[in-house]
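> Below is the structure I would like to discuss, written out as structure tokens.
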Amino acid sequence: MNNFINKSIVTVFLIIILNALPLTGQTSIPLDSMKTPESPAFMLLGISPTNFAKPETPNAFAVNVLNGLSSKELIPQNFAIETAPYWWFYHPQLTFREYINPTICQSIQQNFSFSAATSKLSGTPGGSYLAGGIRTIICPGSFNTDNLDTLIKEYHVNSYKRDFYTNGVIPDITVKEFNLDSIIDNELKESRIYLSSDKYISEEETKQMLIEIEKIKNDYFKSGKKPKDSTEAVKMANELISQTADKEKLQNTLTEIRSINKKKTGFIMDFALAGAGFFEGDSVKNGEFSKWGLWITPTYCNENFDLLFILKFLNGKDTTGWKGSGNTGIRLLYTSEAFGISFETEGKFSSGRQPNFRYILNFNYDIGKNTYLTATFGKDFQGNIINGNGDLITLLGINFGLGNAPSVTSK
Amino acid sequence: MSNDQCPDDYSVIDNQNVNLTVTIGDGQIGSSKVKLNGQTLEGGEITNINVGLGKDIKGKKLTINTTVDKANPQTNKASITYDLSGGLKNISCTEKKEFGKDDSVILSRSFNFK
């Protein structure tokens, strides 16, 4: 029945597609491009340097700045730096749980970054642009505590197994003879300590580990490898784990842990501010503050539903004075396993002009094997016409595994 | 407040239990194994575990081996704070290390109970 419905939907869509306007023009939704930039100073100058300094200590920061200033010009050219001062120092009391689910104050501190950049001023007599900006996350959202507990438990189980192999097997393969029984006895005792505390390892898992240890011992004796130090022993132990039934479990858990920030739910708000000025003829007396920008991106997301607001304001000075322009946008997104539907609206505001709006309704339906039917309808900005002479947007198509259902992330 | 330098010795009181907490800092994740004279006491997260009564552990050596895995992409730093209480005085000291090419580092610390 479901198959029939799927086929019917596909057929209907294909008929529509054959009768639709040519699928030319853009299909991507540009709202994401207005989200809070990682490096607001670069954004304000309109540059995207691929190779910029990211100092991680106060000393490295000082060296980078001094290196920049030591160039022959008053203002170094094509200088770009981005740094997060909070991470210049050790934070021994900041646990992983606190890092993942920080308070507002902690979030502001740990996500605060500073960026600065220069670029060449075109024309005669030339000169330089200089921009600086800050960015942080005011509201960090949260990661489900139950999921976090499960993930951390999983980490400890797999880390324990790594330790189990490291201490149980590796030191003994550095000598020609060793008593496997004593190793097993010793490790079994240690496993029972875990069992008795009922924290991580089940009895069945312990038995399985003991079977694996024998297999590993045999394989390693054949290979003749010997670790030089404890670090290498851990590395070898990781290789061992990847050869066992626990293949890549630890690495998978760590990968999942490292990507937690992308799976946060609740209220998330990014903030960035940047300012720029130019120095005509690279002369300080000709220096002028000429541009500033503000970005605020509040997002609310839960498992299926995302609500994204975008506020962007740019104020620039030209020969007639300061002129402001702003963009606001809202995206509502609902996703389920089979389909995603989103509505977004974006408004452009600038001094002396009428507000300009666009509205887009986007629908994605998963027809299987990572293939999506997509449909987009809406009204485009005036003066930015995609199809024909009007401002109507009608785009229909099939995405053959070239992307996923729409999603909103905090970054 | 923790000191950077960890002492080698810890003075116990005969009729008081010594407790240990190991805190992995810098937003990283780590797993520890605590041994007393070679015998494993506890593993994984170490929060206020009872090491033993002063008179029973006097003269023994407590070893804590911790593997820290990089979980925080914002820094290359790893630190471990050891908190020992129940002896003549409470101590809190921190060991620091940076990740190398591998995303895991091992830190070890021993305390002799006196």
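Heads up: the protein sequence lines correspond to chains A and B, in order.
Mind the numbering: the first sequence is residues 1 to 411 in the numbering used here, read in order.
Mind the numbering: the second sequence is residues 1001 to 1114 in the numbering used here, read in order.
We put the CB at the ideal spot given by N, CA and C, even for glycine.
Can you tell me whether E346 of chain A is buried or exposed, with buried defined as 16 or more other CB within 10 angstroms of its CB?
buried
> Can you give me the C-alpha to C-alpha distance between V1022 of chain B and D1102 of chain B, rounded to a whole angstrom?
22 Å
> With a 10 Å radius around its C-beta and 16 neighbouring C-beta atoms as the bar for buried, classify L151 of chain A as buried or exposed.
buried
> Does the segment 1026-1042 of chain B come within contact of the segment 92-103 of chain A, defined as at least 3 CB pairs closer than 8 Å?
yes
> Leaving out five residues before and five after K1097 of chain B in sequence, what residues of the same chain have Cβ atoms less than 7 Å from its Cβ?
A1078, V1105, L1107
> What separation, rounded to the nearest whole angstrom, lies between the Cα atoms of E204 of chain A and H156 of chain A?
If I take the Cα positions, the gap works out to 17 Å.
> Using alpha carbons as the reference points, say which of A:E56, A:F79, A:P58 lies closest to P67 of chain A.
Checking the displayed sequence, the identity of residue 67 of chain A turns out to be Asn instead of Pro. Residue A:F79 is the option with its Cα nearest to N67 of chain A.
> According to DSSP, what are the bridge partners of M269 of chain A?
A:C139, A:P298
> CB N1017 of chain B to CB L1062 of chain B, shorter than 7 Å?
no
> Quick check on DSSP: helix, strand or coil for T253 of chain A?
helix
> What residues match up with Y372 of chain A in a beta bridge as DSSP calls it?
A:D366, A:N399
> Between the Cα of L45 of chain A and those of A:S107, A:K262, A:F381, A:G277, spot the shortest distance and give me the residue it belongs to.
A:G277
> Tell me whether T319 of chain A is buried or exposed, calling it buried when 16 or more other Cβ atoms sit within 10 Å of its Cβ.
When all chains shown are included, T319 of chain A counts as exposed.
> Taking the C-alpha atoms as reference points, what is the distance between G326 of chain A and E38 of chain A?
If you take the alpha carbons of G326 of chain A and E38 of chain A, they lie about 19 Å apart.
> Quick one: is L1084 of chain B buried, meaning 16 or more other Cβ sit within 10 Å of its Cβ, or exposed?
buried
> In whole angstroms, what is the alpha-carbon distance linking L402 of chain A and T371 of chain A?
Reliability of the predicted coordinates at L402 of chain A is poor, the pLDDT of 49 falling under 50, and the value obtained from them is presented with this limitation in mind. Each residue's alpha carbon lies about 8 Å from the other.
> Between P102 of chain A and chain B, is the shortest Cβ-Cβ distance under 7 Å, so that the two count as touching?
no
> Please state whether the Cβ-Cβ distance between S142 of chain A and G266 of chain A is less than 7 Å.
yes
> Quick one: which chain B residues come within Cβ less than 7 Å of I257 of chain A?
I1029, A1071
> Closer than 7 Å, CB to CB, is D163 of chain A near chain B or not?
D163 of chain A counts as touching chain B.
> Run through chain D and tell me which residues come within less than 7 Å of A84 of chain A, C-beta to C-beta.
Among the protein chains of the structure shown, namely A and B, there is no chain D.
> Let's see if you can read the secondary structure: which residues bound the beta strand (DSSP E) around S1027 of chain B?
Checking the sequence shown, residue 1027 of chain B turns out to be Gly, not Ser. From DSSP, G1027 of chain B is part of no beta strand (DSSP E); its letter is neither H nor E.
> Going by CA-CA distance only, name the one from A:G324, A:F305, A:R135, A:A53 that's closest to Q110 of chain A.
A:R135
> Let me check understanding here. Comparing Cα to Cα, which of B:N1076, B:L1088, B:I1049, B:G1059 lies closest to Y950 of chain B?
Residue 950 of chain B lies beyond the residue range present for chain B, which begins at 1001 and ends at 1114; the question has no answer from this structure.
> Residues in the segment 1044-1055 of chain B with C-beta within 7 Å of chain A's C-beta atoms, listed in sequence order?
G1044, E1045
> Using C-beta distances below 8 Å, list every residue in its chain close to G1100 of chain B, excluding the 5 sequence neighbours before and after it, in chain order.
Nothing listed; no residue qualifies.
> Looking at the C-beta of L148 of chain A, does it have a partner C-beta in chain B at a distance below 7 Å?
Answer no: the Cβ-Cβ gap between L148 of chain A and chain B never drops below 7 Å.
> Starting from Y359 of chain A, follow its DSSP beta bridges and name the residues at the other end.
Looking at the DSSP assignment, Y359 of chain A forms a beta bridge with A:T345, A:K379.
> Cβ of L332 of chain A within 7 Å of Cβ of L307 of chain A?
Their beta carbons are under 7 Å apart, which means L332 of chain A touches L307 of chain A by this criterion.
> Return the residue from the list A:A60, A:N101, A:E98, A:P102 that minimises the CA-CA distance to E82 of chain A.
A:A60
> Counting only beta-carbon separations shorter than 7 Å, does P58 of chain A have a partner in chain B?
no
> Note down the Cα distance separating L1036 of chain B from F339 of chain A, rounded to an integer number of angstroms.
57 Å
> Terminal residues of the continuous beta strand (DSSP E) containing G126 of chain A?
Here G126 of chain A belongs to no beta strand (DSSP E), and DSSP marks it neither H nor E.
> With a 10 Å radius around its C-beta and 16 neighbouring C-beta atoms as the bar for buried, classify A131 of chain A as buried or exposed.
buried
> Using 10 angstroms around the beta-carbon of E212 of chain A, count the other beta-carbons present and answer buried if the total reaches 16, otherwise exposed.
buried
> Do P40 of chain A and A272 of chain A have their C-beta atoms within less than 7 Å of each other?
yes
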